[in-house]
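Have a look at the structure below, then the notes.
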Amino acid sequence: MKVIFKIWRQENTNTKGNFQSYEVDELTEDMSFLEALDHLNEVLVTKNEKTIAYEYDCREGICGQCGVFINGRAHGPHDNMTTCQLHMRSFRDGETIVVEPWRASAFPIVKDLVVDRSSFDNIIEQGAYISAKTGTAPEANSILVRKEIVDKAMDAAACIGCGACVATCKNSSAALFTSAKINHLNSLPQGKQEASKRVLEMTKQMELEGFGSCTFTGACEVECPEGISIINIAEMNARRTKAKWIG
Ligand code: SF4
Ligand code: FES
1 MKVIFKIWRQ
11 ENTNTKGNFQ
21 SYEVDELTED
31 MSFLEALDHL
41 NEVLVTKNEK
51 TIAYEYDCRE
61 GICGQCGVFI
71 NGRAHGPHDN
81 MTTCQLHMRS
91 FRDGETIVVE
101 PWRASAFPIV
111 KDLVVDRSSF
121 DNIIEQGAYI
131 SAKTGTAPEA
141 NSILVRKEIV
151 DKAMDAAACI
161 GCGACVATCK
171 NSSAALFTSA
181 KINHLNSLPQ
191 GKQEASKRVL
201 EMTKQMELEG
211 FGSCTFTGAC
221 EVECPEGISI
231 INIAEMNARR
241 TKAKWIG
């Protein structure tokens, strides 16, 4: 299998980038997309050319590190799939595949396809924790939680922090990510102690980091590989209003 990768190359945050094309052959349909990029880098090494920088860790759809735009879609052509889970059989032999980093001012490009998502870490620091007594692990059933609440919290907890929601949103809003993190903990009894503080501090940090406002286009939900619902955003806004006025 042969494809033409048209890839964004940029030396660092302060330089201008551009697309460069690479014809890559000796690929197989069973290769993952990242393995195809690995193969391209091996070829570049043999030619003494600069390799392409891209991010990954788990390659199993868990860590959220690998996101890029592929032919204009976050994480590529399939719904509910991360870049690392994508395989070359999703492309035609001879196809040109355009690969770009996330585009958002709160995610500055570090190099080529790698962006700095520490703005997400800064939001997390403001409240994605609970206070609990240290010591031996508590009895598992000492706090009973209704099934529908557990399901809601676990659905929100599925967010892997990949940033596709921000990159896809025309406003570069981080509302889907932030709401998932808030609703995960605020839904559970264990998260109630800091519930008001959490929603106020995390949404404040979201604004300080320079993310845009949410206008409910729903684009984030469509491109989220974990299927996080925009209902989370409505719930976050309601929680924020309540925390502001009632506490
Ligand atoms: S909400 Fe979805 S798209 Fe946004 S960071 Fe979480 S997993 Fe990624
Ligand atoms: S490398 Fe971990 S989600 Fe893709």
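Each residue of the sequence shown is one higher than the one before, starting from 1 at the first, in the UniProt record's numbering.
Don't be surprised by glycine CBs; every beta carbon is placed ideally from N, CA and C.
Keep in mind it's a predicted model, so treat the numbers as computed, not measured.
| query | result |
| --- | --- |
| Per DSSP, what are the beta-bridge partners of Asn18 in this structure? | Arg9 |
| With respect to 7 Å, is the separation between the Cβ of Phe211 and the closest non-hydrogen atom of ligand 1 below this value? | no |
| Name, in chain order, the residues that DSSP records as bridge partners for Arg73. | Ile70 |
| Roughly how many angstroms separate the alpha carbons of Asn14 and Asp25, rounded to a whole number? | 33 Å |
| In the DSSP assignment, what are the bridge partners of Thr96? | Ile4 |
| Within 10 Å of its beta-carbon, does Phe216 have 16 or more other beta-carbons around it, so buried, or fewer, so exposed? | exposed |
| Could you tell me which whole beta strand (DSSP E) segments of length 3 or greater appear in the stretch 187-211? | none |
| Please state whether DSSP places Ser90 in a helix, a strand or coil. | helix |
| If you measure from the CB of Ala180, is any heavy atom of ligand 1 nearer than 7 Å? | yes |
| Look at Ala157 and His184 and say whether their C-beta atoms are less than 8 Å apart. | yes |
| Is there contact here, the stretch 234-246 with the stretch 172-183, by at least three beta-carbon pairs under 8 Å? | yes |
| Between Met206 and Gly135, what straight-line distance do the alpha-carbon atoms span, to the nearest angstrom? | 33 Å |
| Report yes if the C-beta distance between Glu49 and Cys66 is below 8 Å; otherwise report no. | no |
| Quick one: does the C-beta of Ile228 sit closer than 7 Å to a heavy atom of ligand 1? | yes |
| Compare the beta carbon distance of Val115 and Ile124 with 8 Å and say whether it is the shorter of the two. | no |
| Run the CB neighbour count on Asn186, radius 10 Å, all protein chains shown included, and call it buried at 16 or more, exposed below. | buried |
| For Ile62, is the beta carbon positioned less than 7 Å from some heavy atom of ligand 1? | no |
| Taking all protein chains shown into account, do 16 or more other C-beta atoms lie within 10 angstroms of the C-beta of Gly210, making it buried, or fewer, making it exposed? | exposed |
| Using 8 Å for Cβ pairs, my map puts Asn171 next to Gly218. What's the rounded Cβ distance? | So it is not a contact: roughly 12 Å between Cβ atoms. |
| Starting from Lys47, trace the beta strand (DSSP E) both ways and give me its first and last residue. | It is not in any beta strand (DSSP E) - Lys47 carries neither H nor E in the DSSP assignment. |
| Determine which residues share a DSSP beta bridge with Lys111 and list them. | Val114 |
| Give the C-beta separation of Met1 and Asp93 to the nearest angstrom, bearing in mind that I take them to be a contact with Cβ-Cβ under 8 Å. | 5 Å |
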